[in-house]
Every structure is written in structure tokens, then in C-alpha cells.
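Read through the structure below, which is laid out as C-alpha cells, and then see the notes.
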Amino acid sequence: MAGRPDFTWLEVYGVALLSGVVTTIELIVVTTLLSFVLSVLGAAARRSDVAWCRAAVGGYVELIRNTPFIAQLFFIYFGLPSLGLHLNAMPAAILAMTINLGAYGTEIVRAGLDAVAPGQNEAGRALGLRPPIIFLRIVLPQAMRAIFPALASQIVITMLESSVVSVIAVRDLTYQADLIQSRTFQAFRIYLLATLIYLALSVLLRRILGFSARRLFGAGVG
Amino acid sequence: MEFTFWDILRNLLLAARWTIVLSIAGFICGGAGGLLLMALRIARSPAIRTSARLYIELFQGTPLLLQLFLVFFGLPLIGLNVRPWLAAGVGLTLSASAYLAEIWRGCVEALPAGQWDAAAALGLHRRYQLQLVILPQALRIAVPPTVGFLVQLVKSTALTSIIGFDELLRTGNVITNATFAPFTVYGVVALVYFAVCFPLTLLARRLELRLSRA
Numbered sequence: 069m070a071g072r073p074d075f076t077w078l079e080v081y082g083v084a085l086l087s088g089v090v091t092t093i094e095l096i097v098v099t100t101l102l103s104f105v106l107s108v109l110g111a112a113a114r115r116s117d118v119a120w121c122r123a124a125v126g127g128y129v130e131l132i133r134n135t136p137f138i139a140q141l142f143f144i145y146f147g148l149p150s151l152g153l154h155l156n157a158m159p160a161a162i163l164a165m166t167i168n169l170g171a172y173g174t175e176i177v178r179a180g181l182d183a184v185a186p187g188q189n190e191a192g193r194a195l196g197l198r199p200p201i202i203f204l205r206i207v208l209p210q211a212m213r214a215i216f217p218a219l220a221s222q223i224v225i226t227m228l229e230s231s232v233v234s235v236i237a238v239r240d241l242t243y244q245a246d247l248i249q250s251r252t253f254q255a256f257r258i259y260l261l262a263t264l265i266y267l268a269l270s271v272l273l274r275r276i277l278g279f280s281a282r283r284l285f286g287a288g289v290g
Numbered sequence: 150m151e152f153t154f155w156d157i158l159r160n161l162l163l164a165a166r167w168t169i170v171l172s173i174a175g176f177i178c179g180g181a182g183g184l185l186l187m188a189l190r191i192a193r194s195p196a197i198r199t200s201a202r203l204y205i206e207l208f209q210g211t212p213l214l215l216q217l218f219l220v221f222f223g224l225p226l227i228g229l230n231v232r233p234w235l236a237a238g239v240g241l242t243l244s245a246s247a248y249l250a251e252i253w254r255g256c257v258e259a260l261p262a263g264q265w266d267a268a269a270a271l272g273l274h275r276r277y278q279l280q281l282v283i284l285p286q287a288l289r290i291a292v293p294p295t296v297g298f299l300v301q302l303v304k305s306t307a308l309t310s311i312i313g314f315d316e317l318l319r320t321g322n323v324i325t326n327a328t329f330a331p332f333t334v335y336g337v338v339a340l341v342y343f344a345v346c347f348p349l350t351l352l353a354r355r356l357e358l359r360l361s362r363a
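Chain order of the listed sequences is A and B.
Add 68 to the 1-based position in the first sequence for the numbering used here, that's all there is to it.
Add 149 to the 1-based position in the second sequence for the numbering used here, that's all there is to it.
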């Protein structure tokens, strides 16, 4: 033991750590997909002609953006059962993350839609395209080009914040690190390793998002 | 013991002062660290610039929760006896300085390069170019995003509950265990955070609007 760092725990617990990484990736992939849909719907509602629709989405966005994610998570996981809505840890985590990312996403997508010139919409109509096609094929891709960096940053932030779901016993990377340190008493070393894995994940996630955005919305994005 | 709604509210409001104290401490210490880091980030020496950039990327690319764990379990390794409030303060300071350095660097770099040249032409040392010419001008555009960052800082104090600092959220956990009323308690907790953060958000938005009009 003298002078030589003890890494035997890594052989024993490597699999656990890896399964934690997989759970963290699952969380962010599912959350990104769900909250992208939520963000587009939210942004559309925020720009609609229906006043109560705009107000409701506005209230949702402000409420989420001005409270901590962990408080939202606790409210959903511990508070909602009082209303009869019981969720397991994993669905509760995904719901909390989706609601959170969806609020930021709504504002970002809305800014992107505002940036697309109204003439694009009119040109689509002049070509006889139906409104959903105009939105999906003409307006949204152009909006995405403008907002992609902001959206990617927010997704990375949400991935980093997902470490908090370990507190409600979702077996993500932080949860596994907690478990290993409680058995080996090598807290600093294990948390440092987990931190570096998160760093690698955030670099990787940014790359993947850039790549998929270019595939989906054409060159010049990301 | 019976907890009425008013007991819950009173205790949570009392605990909220620690959230506010921690936010202010994190802002003051993080602001000092951020200013220094920003100066290093735009230094002439590439080695210094790169180290500052790596620090910022490290703290912006990893979870704050893990940073708090590293401080909490790391400080005892160098012989310091760590209380939760100290680990919370140090952790938030390290993280806030990375974010503030990056925000302020953006503001400094938004100024025309001619300002540096003019300051140099006056024969000022680089430190005074920054201090007397650049910073006063950058300050004007730095206020709105800095207030915006305050919202993020207040929210991030909630994570210190996990390492045992008795702020608003942790008090909420304790009260929940005593009252079995998680819906009410976490609802009020969220609203107290909202009552602190929303005015700051509105202020940041208004300052930004005023700046863009000017």
C-alpha cells in the first residue's frame, strides 16, 4: 500500500461504473428527444393567437427557469404521490428532466422561430404547401440553424445536472460513484474519476449533437 | 408536535436566509476569483491563457454536485476539517468564478480593439489599460448578464443541501420527514426560490432592454 495508489476497486467496480454511465446516457437521450417535442410545441403555443395558451406556457417557462432543478425533482418524486401520482425513480427523473429542459428549450426555439423571416412562410403558402409541411420543412430547419448552439449547450447543462437524480436512487453515474465510495472509503479518487467521465461525456455529447444536427438540418449547423 | 401551514412557511422562510447568505458569499468570492481568472484568460502569455481556459472548461463541463463532493472529501485530504458550510462556500466560489470569468471575458472582448491601442498609446501598463480603460466600459454591458447569472447561482445553492448545508431545500427535507406533507413543503420551497429568482430575472431582462436601447 505504501506510496502506491490502490486501484483494485476499479477492477471490482468498473462494471458498476459503466452501468452508471449507460444510465446517464439513457437519461439524456430520452430527455433530449421528449423535450425537443415539448419545446417545439411550447414555442408554437407561445406564438399562438390564443391568449390563455400564451400565458400558460409563459407561466410554465418562468416557473421552471426560476426554481432549482433539484426542487422540481423532489416535488415530482416526493410531492406528487400525495395527489395519487406515484412514479418510480427513473420515470420521475425523466419527467423532471424533460419538464426542465422543455422550459429552456421553449424559449430557445421561440427565439429561433422569431428569427425566421415571415416571407419564408408566405413563400411556402404561395407554393401551395400545407402549414404543417411549411413549418417542418421550411421554418423549423432555418430556426434550428440559428439556435443550435444555444440548444446544444442547454442539453449539455441538463446532462450535467442529471447527476442530481442519484439522490432519488436512480442508478446513474453519480449513484454508482456514491455506492463505490461508501464501500471503499476512497471518496476523493472515485468522485474525481466520475467527474472526469462527466467531462468526457459532455465533450462527446456536444460532438454528437453537432453531427446529428448537420445530418438533420443540413451543413452550416453546429 | 403538530405542524401548521404557518409553521412550515415560517421555518422555510427562516432557512431561506442561509440560501441568500450563501448566494451573496458565492457571488462576492466568485466575483473576485472570476475577475482574476478573466484577467488570466486574456493574458499575453499563451501558457497562462491556456491554464485559465482549462480551469473554466473543467468547471463548466462537470456537474456542480460532483465539484461539491470533491471539495467536501478533498479538503480533509490536505488536513482541513470541513464543515458543510465551508465546503458549500468553496465549491460555489470555484464554480461561480469560472462562469463569471467567461461572462466578463465576453464583455471585455466586445469592446473595440482600438480601446486597448489607445490605452497603450497613453503609455499605460497593461494592468492599468485593463483597470482604467477597459473595465469601466465593459462594466456597463456586463451588468445584465451578471444579474442573470445570479439567478443560476441562487438555484445552484440548492445542491449544497446534499452535502449537508442547512439551507432552504435541506430544511424542506427535514420538515417533510416531520410532517409527511411533501406536496405542501416542496411546493412552498419551490415558491420561495421563485420569489427570490423571478425578480432578479425581471431585473436582468429590464437592464438588457435598457442597454440595447441606449
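Each residue gets a CB set at the ideal place from its N, CA and C atoms; glycine is no exception.
Note that the coordinates shown come from a computational prediction; the quantities given were computed from them, not determined experimentally.
Chain A contact for residue i (CB, 8 Å cutoff)
i, result
"B:W352", "Going by the sequence as given, residue 352 of chain B is Leu instead of Trp. No, its Cβ sits nowhere closer than 8 Å to a Cβ of chain A."
"B:I169", "no"
"B:A339", "yes"
"B:V300", "yes"
"B:G175", "no"
"B:G223", "yes"
"B:F152", "no"
"B:C346", "yes"
"B:Y277", "no"
"B:R159", "no"
"B:A237", "no"
"B:L273", "no"
"B:L358", "no"
"B:L226", "yes"
Residue i - DSSP class collapsed to helix/strand/coil
i, result
"A:M69", "Because A:M69 sits at a pLDDT of 44, beneath the cut-off of 50, its placement in the model cannot be relied upon, and the following sentence gives the value as read from the coordinates. Reduced to three states, the DSSP call for A:M69 is coil."
"B:R232", "coil"
"B:P348", "helix"
"B:L260", "coil"
"A:P136", "coil"
"B:A250", "helix"
"A:V118", "coil"
"B:E316", "coil"
"A:E94", "helix"
"B:P293", "helix"
"B:I311", "coil"
"B:A363", "coil"
"A:G110", "helix"
"B:L273", "coil"
"A:N156", "coil"
"A:A123", "helix"
"B:A330", "coil"
"B:T153", "coil"
"B:P212", "coil"
8 Å Cβ cutoff, residue i in contact with chain B
i, result
"A:Q140", "yes"
"A:P136", "yes"
"A:T242", "yes"
"A:M69", "Legend: pLDDT at A:M69 = 44, less than 50; position of this residue unreliable, value from coordinates given subsequently. So no, A:M69 is outside the interface."
"A:Q161", "The amino acid occupying residue 161 of chain A in the given sequence is Ala; Gln does not appear at that position. Chain B contact via Cβ: absent."
"A:G147", "yes"
"A:L95", "no"
"A:E175", "no"
"A:L151", "yes"
"A:F104", "no"
Residue from the options with nearest C-alpha to residue i
i, options, result
"B:A267", "B:C256, B:R202, B:L281", "B:L281"
"B:Y335", "A:I144, A:V224, A:T99", "A:I144"
"B:E430", "A:R282, A:S221, A:R114, A:R213", "Outside the displayed range of chain B (150 to 363) lies residue 430 of chain B, so it cannot be described from this structure."
"A:A171", "A:A113, A:L148, A:D182", "A:A113"
"B:G238", "B:L360, B:L352, B:V170", "B:V170"
"A:L181", "A:I206, A:L131, A:G147", "A:I206"
"B:N322", "A:S231, A:E130, A:L141", "A:L141"
"A:A164", "A:S270, A:A262, A:M227, A:A185", "A:M227"
"A:I96", "A:V108, A:N168, A:H154, A:G127", "A:N168"
"A:L267", "B:L203, B:G272, B:L352, B:F343", "B:L203"
"A:Y128", "A:F146, A:L109, A:D117", "A:L109"
"B:I290", "B:F314, B:R254, B:R193", "B:R254"
"B:L214", "A:I248, A:V235, A:Q254", "A:V235"
"A:E175", "A:G196, A:A84, A:C121, A:S107", "A:S107"
The ligand FMN heavy atom lying under 7 Å from the CB of residue i
i, result
"A:T99", "Inclusion of the ligand FMN in the displayed structure is not the case, the ligand content being empty and no account of it being possible."
Cβ of residue i within 8 Å of any chain D Cβ
i, result
"A:G170", "You won't find chain D in this structure, because its protein chains are A and B."
Residues, ordered as in the chain, of the region 304–322 of chain B that lie near chain A by beta-carbon distance below 9 Å:
Within the region 304–322 of chain B, the qualifying residues are K304, S305, T306, A307, L308, S310, I311, L317, L318, G321, N322.
Taking Cβ-Cβ distances below 7 Å as the criterion, which residues of the region 248–260 of chain B are in contact with chain A?
none
Quick one: which unbroken beta strand (DSSP E) runs of 3-plus residues sit fully inside the region 173–197 of chain B? Chain order, please.
Scanning the region 173–197 of chain B from its first residue to its last, no whole beta strand (DSSP E) run of 3-plus residues comes out.
Identify every run of the alpha helix (DSSP H) within the region 182–254 of chain A, keeping only runs that are complete inside it and at least 4 residues long; order them along the chain.
186–194, 208–229, 241–252
Which residues, taken in chain order from the region 185–219 of chain B, show a beta carbon closer than 9 Å to some beta carbon of chain A?
E206, L207, Q209, G210, T211, P212, L213, L214, L215, Q216, F218, L219
Compile a chain-ordered list of the residues in the region 326–337 of chain B whose CB is closer than 7 Å to at least one CB of chain A.
P331, F332, Y335, G336
Please list the residues of the region 249–263 of chain A that have a C-beta atom closer than 7 Å to any C-beta atom in chain B, keeping them in chain order.
A255, F256, Y259, L260, A262, T263
Can you pull out the residues from the region 268–288 of chain A whose beta carbon lies closer than 8 Å to at least one beta carbon of chain B?
S270, V271
Members of the region 229–240 of chain A that neighbour chain B once the beta carbon cut-off is set at 9 Å
For the region 229–240 of chain A, which is checked against every Cβ of chain B, the residues closer than 9 Å are E229, S230, S231, V232, S234, V235.
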